[in-house]
Amino acid sequence: MFRIKILCIGTFFLLFSHSLLLAENLPKTDEVLAQVGDSRLTSSRLDMMIDLMPPQIQVMLRSNEQMKKELINRWVDINLIVQEALATKIDQDPLVKLKIDEMKNRVLVETLISQRLDTQTPVPEEEVKAYYQNHSSEFEQGEQVQAQHILIRLEANANAEDKEKARKSIDLIQDKLKNGESFATLAEQFSEDPGSKNKGGNLGYFGRGQMVKEFEDAAFDTEPGKTSPPVQTNFGWHLIHVLDRKAPQKLPLEQVSKEIEARLKADRNEQALKKLIEELKSKYPVTVQ
989 MFRIKILCIG
999 TFFLLFSHSL
1009 LLAENLPKTD
1019 EVLAQVGDSR
1029 LTSSRLDMMI
1039 DLMPPQIQVM
1049 LRSNEQMKKE
1059 LINRWVDINL
1069 IVQEALATKI
1079 DQDPLVKLKI
1089 DEMKNRVLVE
1099 TLISQRLDTQ
1109 TPVPEEEVKA
1119 YYQNHSSEFE
1129 QGEQVQAQHI
1139 LIRLEANANA
1149 EDKEKARKSI
1159 DLIQDKLKNG
1169 ESFATLAEQF
1179 SEDPGSKNKG
1189 GNLGYFGRGQ
1199 MVKEFEDAAF
1209 DTEPGKTSPP
1219 VQTNFGWHLI
1229 HVLDRKAPQK
1239 LPLEQVSKEI
1249 EARLKADRNE
1259 QALKKLIEEL
1269 KSKYPVTVQ
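See the structure below:
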């Protein structure tokens, strides 16, 4: 798994380091860790590559020489492929040139925006509170239920024999429930929903509009601690056991403050970007046919 991650990370930083011409800024006396043709991986370049990775990956690479060596080996592998690509003049293909230009432009844009736009300063707490108060309807949560289910699948084009078999299966499971067997255990044993069967059929909390109508109606009509009769949907036959119900509520500020801050930051950056573009239009000639 780590080898795959390193290969992907190495590919990413190889392409972008070429686009940004990082090598031009490296000391001439830098230690060469690996070389493929005229391409050299120096200790400074490797440090720069690691600096650009997620913090948790940085810690792993800086504390584990074997992982760092693996990254160097991946750099060699990638550069061998690059050398062959250049030798066959793949880089002269118009579509490849366009992709390289687009990639380079994307990095330049992201870098300039990060320099010119204030993406780090937190949104003042007062602004977050004001947004919460002025947009209270956005944070109202409708009624929710938490439910488990057991599914016996039935295809839409099933024949009469398959339909009868599916109905008998769900009825048999219902009988086991009536005899006191655990819903979670039966879900793990019989349910044909791979997403929930290993969790005892637990679907978590959901509101109206998130499930198909037949399933939703049955779930919201069933009291907590009770199990619905067999319910047929386009997926097949279900038994639904309701665990809990939440009345409609307004989500507390503490729960949504991060979301609000992200919205306000996005709005702030969008306005700053529009202003920057207008300034650049007066600086550089623009012609659109």
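Residue numbers (the working numbering): 989 to 1277.
Glycine included, every Cβ here is placed at the ideal spot set by N, Cα and C.
Quantities reported herein were computed from a predicted structural model and do not represent experimental measurements.
query: Within this structure, are the beta carbons of Arg1141 and Glu1202 separated by less than 8 Å?
result: If you number the sequence shown from 1, residue 1141 lands on position 153. If you number the sequence shown from 1, residue 1202 lands on position 214. In this structure, Glu1202 does not lie closer than 8 Å to Arg1141 by Cβ.
- request: With a floor of 4 residues, list each alpha helix (DSSP H) that falls wholly inside the region 1151 to 1215, ordered by position along the chain.
  value: The qualifying runs are 1171 to 1178 and 1201 to 1209.
Contacts around Glu1258, its chain only, beta-carbon distance under 8 Å, and the 5 residues preceding and following it disregarded: Start at 1 with the first residue of the sequence shown, and residue 1258 comes out as number 270. Within the same chain, Glu1258 has no close Cβ partners at all.
Beta-carbon proximity list for Asp1039, same chain, < 8 Å, skipping 5 on both sides: Taking the sequence shown and counting its residues from 1, the one referred to as residue 1039 is at position 51. Around Asp1039: Gln1046.
task: Could you pull out every residue in the same chain whose Cβ sits closer than 7 Å to the Cβ of Thr1030, ignoring the five residues on either side in sequence?
output: Position 42 of the sequence shown, counting from 1, holds the residue named residue 1030. Contacts found: Leu1014, Asp1018, Glu1019, Val1020 and Leu1021.
message: In this structure, how does DSSP classify Asn1262 when only helix, strand and coil are distinguished?
response: Position 274 of the sequence shown, counted from the start, is the residue given in the question as residue 1262. According to the sequence as given, residue 1262 is Lys; it is not Asn. In the structure shown, Lys1262 adopts helical secondary structure according to DSSP, grouped into three states.
field: Contact the region 1223 to 1232 vs the region 1149 to 1160: 3+ CB pairs below 8 Å
entry: Yes, they touch.
query: Apart from the five residues just before and just after Gln1023, which ones in its own chain have a Cβ nearer than 8 Å to its Cβ?
result: Translated into the one-based positions of the sequence shown, residue 1023 becomes position 35. So the qualifying residues of the chain are Leu1029.
query: Between Asp1081 and Asn1093, what straight-line distance do the alpha-carbon atoms span, to the nearest angstrom?
result: Taking the sequence shown and counting its residues from 1, one reaches residue 1081 at position 93. Taking the sequence shown and counting its residues from 1, one reaches residue 1093 at position 105. Approximately 18 Å between the Cα atoms of the pair.
query: Hey, out of Arg1033, Leu1100 and Thr1076, whose CA is closest to Leu1261's CA?
result: Working through the sequence shown from its first residue, we reach residue 1261 at position 273. Closest in C-alpha terms to Leu1261, from the list Arg1033, Leu1100 and Thr1076, comes Leu1100.
query: Cβ of Gln1134 within 8 Å of Cβ of Asp1205?
result: In the sequence shown, residue 1134 corresponds to position 146, counting from 1. In the sequence shown, residue 1205 corresponds to position 217, counting from 1. No. Outside cutoff.
message: By DSSP's criteria, Ala1022 is part of a beta bridge. Which residues make up the other side?
response: By 1-based counting over the sequence shown, the position of residue 1022 is 34. Ala1022 is bridged to Leu1029.
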